[in-house]
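Report on one structure; see the data block that follows.
Chains as they are written, first to last, in the numbering used here: chain D, 1 to 379; chain C, 1001 to 1249.
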């Protein structure tokens, strides 16, 4: 085993850290308060190649490995998860899904502008009545010969407004249940698409989240990914990798909160000494450090498995569930260590705590991850 | 036009400074190394000119005097956008030695502009540019805060007391740059990091050169005294402390 990162991996980690501290930190609190999408920040992030960092250089991607992606996601998420989630959706879901299962023509037309960061993508799976139970898709893609007619509503869609390219999961043959589902590439500007209002969320408030309504939207047949009925399998395979992105995001939220709590504990004095010297605080920090180390190892292991082309679905489920759960625990303790200051916005930890909560919910709740993990134990 | 940028491999500016061997050597344990911030700004400015005027600058090379452990720092310069790098395989023990090595590189391969930072953030010697100028018999301009190429000629501005002066000079010359030359150092892109591996990084052996100085010892600044709080109404006590204790008035 080798736990040493390569020079390139370290450089990517440092580049992400520099970007987050220089570009994201100065106005992250203000954007959170205003629920303002970080359009300029995303533009700069895409110019540096972070939005297509794992895509094949043949399609103008960065050609980086998944380990590098984990390192970059952690650094960005330490400062601003609303930006990190854009990065995760583009890299893990949209670009990877197109690269792994798209035709050459689809990759040329849709992956190239996404991988080069000129365009942003969105992944549309969740519905008002189909969240964790992704087999119950109500959105329909009726086969009309040379095109599909798309009707229905998708919920909680990250990048819904800023994306140019959607990947939409919809039911074509309800009698075949999940084997009747298709994945379609849809231009956001297609006639018949309307967006609901920006969601007023608890955390990750500046990420661009809307519901999306499809009303008789025509989608050319050549925009279907894979064979007829491949959509559910496509979604599940893509989400296996998506979990690595969100696990890394949760890890970054936890380590960001931990770093702030550790720094504060060395500065803040109570009863005549820095609060770090009080065992109750030192032991909290010790517990936080152990959890973060475990979380990081789970993320890196699942990334390593993916890079080695070995099965990584269970490892990524473990990483997602554990990282999300400890992010909630660590951020809560970080607020506690900060005391009253932790409850106000300028110390960042209350925001990180709000952000952590979402990582336990989206791209498969912690409970769904436990279903995936426990089922694997029976095999 | 060819540009050579001298880069130092220095400890990250947030490093906790400690000394070993009876306070005669810097403790490098656990230190993260970076491109000297002034040198990184110089590289950024050279790249800005290259990007803004394609074809004007054909090559940007970085040169470092250092052992193999400085290569990650050099690779970062390549990732940021330098075209090539030269590492002179020697420990940079004093400025005369370093200047002698870089002067040899310039003698062998002609450059139109040689840029170095006004100082390095570790030992703050602030002597390299002047020495290079003397050794190579080239003009030098110090404290340069603006560098541009306009119609093939170099435009320079330098900081002086109370303002700036504009300077013209012949090529080749040495530019000793000050902060302000570029706003922020450039962050390497993913593509830059990937291509850095394939850019030329040539290691050359040093020429014989004397070491004219040696570090005898280092002293850390005294720890700051505890802050004293004085009631705003008690001006007499404030004056007393400033006069008798701080000896400032």
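All C-beta atoms, glycine included, are put in the ideal place defined by N, C-alpha and C. Please read these numbers as outputs of a predicted model, since none were measured by experiment.
For residue i, which of helix, strand or coil comes out of DSSP?
i                       : result
residue 1056 of chain C : coil
residue 129 of chain D  : coil
residue 159 of chain D  : coil
residue 147 of chain D  : strand
residue 213 of chain D  : strand
residue 1011 of chain C : strand
residue 1110 of chain C : coil
residue 182 of chain D  : strand
residue 1125 of chain C : coil
residue 369 of chain D  : helix
residue 1145 of chain C : strand
residue 241 of chain D  : helix
residue 307 of chain D  : helix
residue 1205 of chain C : coil
residue 75 of chain D   : helix
residue 104 of chain D  : helix
Count the other CB atoms within 10 Å of the CB of residue i; is the residue buried (16 or more) or exposed (fewer)?
i                       : result
residue 9 of chain D    : buried
residue 291 of chain D  : buried
residue 1050 of chain C : buried
residue 273 of chain D  : exposed
residue 86 of chain D   : buried
residue 220 of chain D  : exposed
residue 110 of chain D  : buried
residue 3 of chain D    : exposed
residue 1232 of chain C : exposed
residue 104 of chain D  : exposed
residue 1236 of chain C : exposed
Check the C-beta distance from residue i over to residue j and give it rounded, since I have them as a contact under 8 angstroms.
i                       : j                       : result
residue 208 of chain D  : residue 261 of chain D  : With a Cβ gap of about 30 angstroms, residue 208 of chain D and residue 261 of chain D do not count as contacting.
residue 307 of chain D  : residue 66 of chain D   : 5 angstroms
residue 192 of chain D  : residue 217 of chain D  : 4 angstroms
residue 320 of chain D  : residue 246 of chain D  : 6 angstroms
residue 1206 of chain C : residue 1085 of chain C : Incorrect: roughly 16 angstroms between the Cβ atoms, too far for contact.
residue 1190 of chain C : residue 202 of chain D  : About 32 angstroms separates the two Cβ atoms, so there is no contact after all.
So, are the CB atoms of residue i and residue j less than 9 angstroms apart?
i                       : j                       : result
residue 258 of chain D  : residue 285 of chain D  : yes
residue 1043 of chain C : residue 1034 of chain C : no
residue 251 of chain D  : residue 74 of chain D   : yes
residue 1128 of chain C : residue 1106 of chain C : no
residue 1176 of chain C : residue 1115 of chain C : yes
residue 1002 of chain C : residue 1161 of chain C : no
residue 183 of chain D  : residue 234 of chain D  : yes
residue 241 of chain D  : residue 124 of chain D  : no
residue 45 of chain D   : residue 121 of chain D  : no
residue 128 of chain D  : residue 211 of chain D  : yes
residue 351 of chain D  : residue 345 of chain D  : yes
residue 329 of chain D  : residue 288 of chain D  : yes
residue 1060 of chain C : residue 1187 of chain C : no
residue 1110 of chain C : residue 1172 of chain C : yes
residue 324 of chain D  : residue 237 of chain D  : no
residue 225 of chain D  : residue 145 of chain D  : no
residue 115 of chain D  : residue 126 of chain D  : no
residue 1212 of chain C : residue 1096 of chain C : yes
Under 8 angstroms Cβ-Cβ, which residues of chain D neighbour residue i?
i                       : result
residue 1075 of chain C : 7 and 11
residue 1072 of chain C : 7, 10 and 11
residue 1184 of chain C : 22
residue 1187 of chain C : 15, 18, 19, 22 and 48
Can you pull the chain C neighbours of residue i, defined as C-beta to C-beta under 7 angstroms?
i                      : result
residue 270 of chain D : Ordered by position in chain C, no residue passes the 7 angstroms Cβ test against residue 270 of chain D, which lies about 17 angstroms from the chain.
residue 256 of chain D : Ordered by position in chain C, no residue passes the 7 angstroms Cβ test against residue 256 of chain D, which lies about 17 angstroms from the chain.
What residues from chain D crowd round residue i, counting only those whose CB sits closer than 7 angstroms?
i                       : result
residue 1054 of chain C : None at all; the shortest Cβ gap to chain D is about 18 angstroms.
residue 1191 of chain C : 49 and 62
residue 1001 of chain C : Residues of chain D passing the Cβ test: none, with the nearest at roughly 26 angstroms.
Note down, in chain order, every chain C residue with its Cβ under 8 angstroms from the Cβ of residue i.
i                      : result
residue 319 of chain D : The contacting residues do not exist; residue 319 of chain D stays about 23 angstroms from chain C at best.
Say yes only if the C-beta of residue i is nearer than 8 angstroms to one or more non-hydrogen atoms of the ligand MG, and no if none qualify.
i                       : result
residue 1217 of chain C : With respect to small molecules bound, the structure shown includes none, and the ligand MG cannot be examined in it.
Could you list which residues in chain D have their beta carbon closer than 9 angstroms to that of residue i, in chain order?
i                       : result
residue 1079 of chain C : 8, 11 and 15
Interface residues of chain C around residue i at Cβ under 9 angstroms?
i                     : result
residue 53 of chain D : 1190
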